[in-house]
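Enquirer: Counting from 1, position 231 in the sequence shown corresponds to residue 264 in the numbering used here; the numbering is continuous, with no gaps.
Even for Gly, the Cβ is constructed at its ideal location relative to N, Cα and C.
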Amino acid sequence: LGVFKKLWADSWGPRLEYTLRNAILAILDYDEPTLLGVVRMLSDKVFRKKVVESIQDPVVKLFWTKEFAGYTDKFASEAVAPIQNKVGQFLSSSIIRNIVGQAKSSINIREIMDQKKILIMNLSKGLVGEDNMQLLGAMMITKIQLAAMSRVDTPEEDRKDFYLYVDEFQNFATESFANILSEARKYRLNLIMAHQYIEQLDEKVRDAVFGNVGSFIVCRVGAADAESLAPEFIPTFTEEDIVNIPKYEFYCKLMIDGIASEPFSARGLPPKSKSEETGNVQKIITASREKYTQSKYIVEERIAEWHNEEGGASGDTNNNSKQPNQNYNKANNLNNKQSSPINFNTQNSQNNTQNYSQNNSNGSESSTHSCAECAKPTRISFTPDGIRPIYCRECLEKIKENKKNKEDFRFQQKQNELNRINEKQAQEKKQAPQPFKLNLKRNEEKKAINLPLNEAPRKNYSPTAEANDKHSGIELEGELIEDKEVQINEKR
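(1) On the DSSP letters alone, give me the boundaries of the beta strand (DSSP E) that residue 402 sits inside.
(2) For a minimum of 4 consecutive residues, which ranges assigned as the alpha helix (DSSP H) are wholly contained in the segment 211-293?
(3) Buried or exposed for residue 257, going by 16 or more other Cβ atoms inside 10 Å?
(4) At which residues does the alpha helix (DSSP H) containing residue 196 begin and terminate?
(5) Report buried or exposed for residue 74, applying the criterion of at least 16 other Cβ atoms within 10 angstroms of its Cβ.
(6) On the DSSP letters alone, give me the boundaries of the alpha helix (DSSP H) that residue 59 sits inside.
(7) Since residue 412 is in the beta strand (DSSP E), which residue starts that stretch and which ends it?
(8) Between which residues of its own chain and residue 94 is the CB-CB distance below 7 Å, once the five residues before and five after are set aside?
(9) With DSSP as the reference, identify every bridge partner of residue 299, one or two as the case may be.
(10) Is it the case that the Cβ atoms of residue 262 and residue 278 are separated by a distance below 7 Å?
(11) Would you tell me roughly how many angstroms separate the C-alpha atoms of residue 172 and residue 254, rounded to the nearest one?
(12) Find out if the Cβ-Cβ distance for the pair residue 298, residue 287 is shorter than 7 Å.
(13) I'd like the span of the alpha helix (DSSP H) that includes residue 97, first residue to last.
(14) Are residue 221 and residue 183 close, meaning C-beta to C-beta below 7 Å?
(15) How many Å lie between residue 52 and residue 127 at the Cα?
(16) Hey, how far is the Cα of residue 218 from the Cα of residue 235?
(17) So, with DSSP's three-state summary, where would you put residue 127?
(18) Here's the rule: buried if 16 or more other CB atoms are within 10 angstroms of the residue's CB, otherwise exposed. What is residue 316?
(19) What are the start and end residues of each continuous alpha helix (DSSP H) run of 4 or more residues lying completely inside the segment 140-204, in chain order?
(20) What's the call for residue 166, buried or exposed, on a 16-neighbour Cβ count within 10 Å?
(21) So residue 331 and residue 285 are supposed to be a Cβ contact under 8 Å. How far apart are they, rounded?
(22) What first and last residue would you give for the alpha helix (DSSP H) that runs through residue 134?
(23) Buried or exposed: residue 323, going by 16 or more other Cβ atoms within 10 Å of its Cβ?
(24) Give the secondary structure of residue 461 by DSSP, where H, G and I count as helix, E and B as strand, and everything else as coil.
(25) Find the nearest neighbour of residue 169 within the set 225, 206, 334, judged by alpha-carbon distance.
(26) Between which residues of its own chain and residue 265 is the CB-CB distance below 7 Å, once the five residues before and five after are set aside?
(27) Quick one, are the C-beta atoms of residue 69 and residue 134 less than 7 Å apart?
(28) In three-state terms, what does DSSP make of residue 104?
(29) Starting from residue 89, follow the alpha helix (DSSP H) in both directions and report where the run begins and ends.
(30) Could you work out which residue in 440, 451, 321 is closest to residue 139 when comparing CA atoms only?
(31) For the alpha helix (DSSP H) containing residue 206, name the first residue and the last one.
(32) Given a threshold of 16 other Cβ atoms within 10 Å of its Cβ, counted over all protein chains shown, does residue 49 qualify as buried or as exposed?
(33) Three-state secondary structure (DSSP) at residue 315?
(34) Count the C-beta pairs between the segment 223-232 and the segment 188-201 that are closer than 8 Å, then say yes if the count reaches three, no if not.
(35) Rounded to a whole number of angstroms, what is the C-alpha to C-alpha distance between residue 214 and residue 436?
As structure tokens, this is what we get:
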């Protein structure tokens with residue numbers, strides 16, 4: 034509820050929260066619940082009847098059997114429509130639907146914490162969309178908080194530190210953050226949060242941050258943020274110092290053994306160059322997919338079957354649903370097979386290629402692998418080098434097309450930039466003042482002299498100039514005409 038409340042803060046109301054809370058509590062008592070069941074329960078009377086029969090909480094059951102059942106059709110429609118609109122908005126995305134439509138997650142957060150594993154989530158707005166990014170991020174943070182709280186069954190001295198790094202955390206700053214900052218420390222959940230400026234945070238989260246955070250790392254900020262941060266660094270650094278921090282440098286105030294250190298300045302390390310990369314990224318991604326994921330085709334088919342079933346079951350229908358078709362079975366076998374251990378080297382990519390080729394020298398000439406993009410089983414007739422990803426025909430064509438589009442886009446950008454430069458130069462050349470040319474008439478002969486720019490006569494201005502020795506004592510009167518020449522009348 035905290036996730037939805039943050040996302041729909043402008044339209045959140047007590048009736049919406051009341052109905053949604055009872056719907057979620059009812060689904061939790063049903064066999065293998067998913068978020069898909071919330072929307073279906075509000076719209077499918079047959080499914081709702083089965084869910085109500087399985088409710089264990091008497092208060093929740095009373096709501097559905099007495100209160101909600103007593104609503105008129107119009108009132109019930111007004112009560113459930115906002116929930117259907119908002120929850121349905123997320124479930125319309127295949128990325129969200131395939132994740133929340135499964136009853137059991139293959140990722141065990143508590144196991145990751147206790148065994149010191151690493152979980153990396155790429156929630157880039159350009160990859161999943163802004164709304165999906167906020168929903169998935171907030172749900173994952175809430176799940177991490179619940180996993181940390183479940184450590185209550187472990188003696189405090191046996192709890193291992195787990196570090197949660199959140200970039201642009203204002204996008205995920207639900208009330209769970211305030212609870213984590215104030216309560217999760219004893220469960221050895223440590224937060225490292227990064228964001229741009231203080232006004233991005235809600236007041237409650239902001240108070241929790243400044244009231245509980247022990248270490249500050251501050252780069253150059255604006256005047257308003259400097260005023261709020263200065264009390265943490267005075268007297269070593271002032272507001273003026275914080276506003277004028279040099280590039281790539283920052284000020285630190287750390288909590289060391291429960292004692293705040295004196296503020297000090299530091300400089301960041303430069304990013305790694307291409308030559309320092311190990312080339313293991315794609316190998317790690319492939320190994321992780323083989324161990325923790327399954328083909329999206331299998332998930333989508335199970336969700337479709339769940340929607341088609343009368344009364345519904347869960348999104349994970351291994352026992353009761355019909356078996357997937359042959360292609361899905363192949364993908365499932367690839368995902369469920371025991372993945373062989375992979376040795377990750379820290380040497381350059383050439384050594385990685387040689388080692389991988391030696392380990393696979395006895396392999397068959399033709400083999401089946403999962404597509405790195407869609408996980409679809411793909412048969413290849415060559416030996417993979419372990420570095421470059423393998424794609425199915427459809428994904429490869431899409432990647433080539435995207436690459437071509439990017440190249441065309443970059444070319445068009447350069448062409449537009451070149452055109453802008455040429456137009457700017459032409460405009461500057463057109464506006465630049467040119468030296469005026471004076472045509473003198475004397476004894477029916479034309480003579481021309483070039484005046485410097487600072488001596489050129491202005492428009493609508495006809496001066497009488499005393500000629501110097503160079504002009505042989507001639508007085509000249511000039512008038513600027515349209516072709517930027519000056520008509521000269523000679524006077525003796």
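Expert: Reading it off the structure:
(1) Position 369 of the sequence shown, counted from the first residue, corresponds to residue 402. Residue 402: member of the beta strand (DSSP E) spanning 400-403, first to last residue.
(2) Complete alpha helix (DSSP H) runs here, min 4: 236-245, 256-266, 272-276.
(3) Walking along the sequence shown from the start, residue 257 turns up at place 224. By the 10 Å Cβ count, residue 257 comes out exposed.
(4) In the sequence shown, counting from the first residue as 1, residue 196 sits at position 163. Annotation: residue 196 is outside any alpha helix (DSSP H); the continuous beta strand (DSSP E) that includes it extends over 195-200.
(5) On the sequence shown, residue 74 is found 41 positions in, with the first residue counted as 1. That one is buried.
(6) The count along the sequence shown starts at 1 and reaches residue 59 at position 26. Looking at the DSSP string, the run of the alpha helix (DSSP H) that includes residue 59 is 47-61.
(7) Working through the sequence shown from its first residue, we reach residue 412 at position 379. 410-413 is the extent of the beta strand (DSSP E) around residue 412.
(8) Stepping through the sequence shown from its first residue, residue 94 is reached at position 61. Result list for residue 94: 85, 88, in chain order.
(9) Within the sequence shown, residue 299 is the residue found at index 266, counting from 1. Bridge partners of residue 299: 283.
(10) Residue numbering aside, residue 262 sits at position 229 when the sequence shown is read from its first letter. Residue numbering aside, residue 278 sits at position 245 when the sequence shown is read from its first letter. At a Cβ-Cβ threshold of 7 Å, residue 262 and residue 278 do not count as neighbours.
(11) Residue numbering aside, residue 172 sits at position 139 when the sequence shown is read from its first letter. Residue numbering aside, residue 254 sits at position 221 when the sequence shown is read from its first letter. If I take the Cα positions, the gap works out to 30 Å.
(12) As a working mapping, residue 298 is identified with position 265 in the sequence shown. As a working mapping, residue 287 is identified with position 254 in the sequence shown. Cβ distance not < 7 Å, so residue 298 and residue 287 don't count as in contact.
(13) Sequence index remark: in the sequence shown, residue 97 carries index 64 (1-based). Note, residue 97: premise wrong, no alpha helix (DSSP H); not H, not E.
(14) In the sequence shown, residue 221 corresponds to position 188, counting from 1. In the sequence shown, residue 183 corresponds to position 150, counting from 1. The answer is no: Cβ separation not under 7 Å.
(15) As a position in the sequence shown, residue 52 is number 19, starting the count at 1. As a position in the sequence shown, residue 127 is number 94, starting the count at 1. Cα to Cα, the separation comes out at about 26 Å.
(16) As a first step, residue 218 is located in the sequence shown; it is residue number 185 there, counting from the start. As a first step, residue 235 is located in the sequence shown; it is residue number 202 there, counting from the start. CA-CA distance, residue 218 to residue 235, rounds to 21 Å.
(17) One-based indexing of the sequence shown puts residue 127 at position 94. Here residue 127 sits in helix by DSSP.
(18) Residue 316 sits at position 283 when you count from the first residue of the sequence shown. Residue environment: residue 316 is assigned as buried (16 or more neighbouring CB atoms within 10 Å of its CB, all protein chains considered).
(19) The DSSP assignment places 142-147, 158-161, 163-182 as complete runs of the alpha helix (DSSP H) inside the segment 140-204, in order along the chain (cut-off: 4 residues).
(20) The count along the sequence shown starts at 1 and reaches residue 166 at position 133. Residue 166 is buried by the Cβ-count criterion.
(21) Locating residue 331 in the sequence shown gives position 298, where the first residue counts as 1. Locating residue 285 in the sequence shown gives position 252, where the first residue counts as 1. Not confirmed; about 49 Å, so no contact.
(22) Stepping through the sequence shown from its first residue, residue 134 is reached at position 101. Segment: none, residue 134 is in no alpha helix (DSSP H) and carries neither H nor E.
(23) Numbered from its first residue, the sequence shown carries residue 323 at position 290. A buried status is given to residue 323, since no fewer than 16 other beta-carbon atoms sit within 10 Å of its beta-carbon.
(24) Locating residue 461 in the sequence shown gives position 428, where the first residue counts as 1. Three-state DSSP puts residue 461 in a helix.
(25) Sequence index remark: in the sequence shown, residue 169 carries index 136 (1-based). Measuring from the Cα of residue 169, the nearest candidate turns out to be 206.
(26) For the purposes of this step, residue 265 is identified with residue 232 of the sequence shown, where counting begins at 1. Sequence-distant partners of residue 265 (beyond 5 residues in either direction) whose C-beta falls short of 7 Å from its own C-beta, in its chain, are 249, 286.
(27) Counting from one through the sequence shown, the residue named residue 69 turns up at place 36. Counting from one through the sequence shown, the residue named residue 134 turns up at place 101. Going by C-beta atoms, residue 69 is nearer than 7 Å to residue 134.
(28) Along the sequence shown, one-based indexing puts residue 104 at 71. In the displayed model, residue 104 falls within coil according to three-state DSSP, outside both helix and strand.
(29) In the sequence shown, counting from the first residue as 1, residue 89 sits at position 56. First-last for residue 89: undefined, no H or E at that position.
(30) For the purposes of this step, residue 139 is identified with residue 106 of the sequence shown, where counting begins at 1. Residue 139 has its Cα closest to that of 321, out of 440, 451, 321.
(31) As a first step, residue 206 must be located in the sequence shown, where it is residue number 173. Element bounds for residue 206: n/a, residue is neither H nor E.
(32) The residue given as residue 49 occupies position 16 in the sequence shown. Its Cβ being crowded by 16 or more others within 10 Å, residue 49 is buried.
(33) As a first step, residue 315 is located in the sequence shown; it is residue number 282 there, counting from the start. If DSSP states are grouped into helix, strand and coil, residue 315 belongs with the helices.
(34) Yes: at least three Cβ pairs fall under 8 Å.
(35) Residue numbering aside, residue 214 sits at position 181 when the sequence shown is read from its first letter. Residue numbering aside, residue 436 sits at position 403 when the sequence shown is read from its first letter. Each residue's alpha carbon lies about 44 Å from the other.
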